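Residue numbering for the sequence shown follows the working numbering, starting at 156 and increasing by one per position. All residues carry an ideal CB built from backbone N, CA and C; glycine is no exception. Note that the structure is predicted; figures quoted are calculated from it, not measured. I have placed the structure first, in the form of structure tokens, so that the comments after it can refer back to it.
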Amino acid sequence: MARIISWLAGASVKDLAEVEVTPSGEGLHWKTLDVDLSIPALMNGIFGTKKWMAELARKGGSSTSFAKSEASRLNGTKGDRPGKEIVLATDKA
């Protein structure tokens with residue numbers, strides 16, 4: 156999990172283990188890393204800056220799995236979507 160959080164991505168296991176819960180109970184603090192994170196923000200899926208989040212999304216969208224490959228193959232056998240019929244308005248007076 157730490158590798159998807161921008162501020163913790165390069166931290167060692169030893170440094171990650173030295174985490175404290177803040178007195179309010181709503182945050183996590185790493186003194187050795189000088190990092191403070193909000194638990195509500197993490198629960199809402201905020202793991203870094205907008206740029207970091209965009210990069211996570213890009214990588215996530217490009218992930219491959221057996222299930223994804225099979226779904227793609229199955230969709231390919233269905234052919235193209237049917238074309239839309241274009242209806243032109245005509246004047247009938």
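In angstroms, rounded to a whole number, what distance separates the CA positions of residue i and residue j?
i           : j             : result
leucine 188 : threonine 219 : 33 angstroms
By DSSP, does residue i sit in helix, in strand, or in coil?
i              : result
aspartate 235  : coil
glycine 200    : coil
serine 220     : coil
isoleucine 167 : Correcting the residue type first, residue 167 is serine in the shown sequence and not isoleucine. Coil.
isoleucine 125 : This structure leaves residue 125 out entirely; the chain is present only between 156 and 248.
glutamate 240  : coil
glycine 215    : helix
Identify the residues that DSSP records as bridge partners of residue i: which are they?
i              : result
tryptophan 185 : Val174, Val190
With residue i and residue j assumed to form a contact (beta carbons below 8 angstroms), what rounded beta-carbon distance in angstroms separates them?
i           : j              : result
leucine 192 : leucine 183    : 5 angstroms
glycine 200 : tryptophan 162 : Rounded, the Cβ-Cβ distance is 15 angstroms, inconsistent with contact.
Within the 8 angstroms Cβ cut-off, does residue i reach chain C?
i            : result
arginine 158 : Here there is only one protein chain, and chain C is not present.
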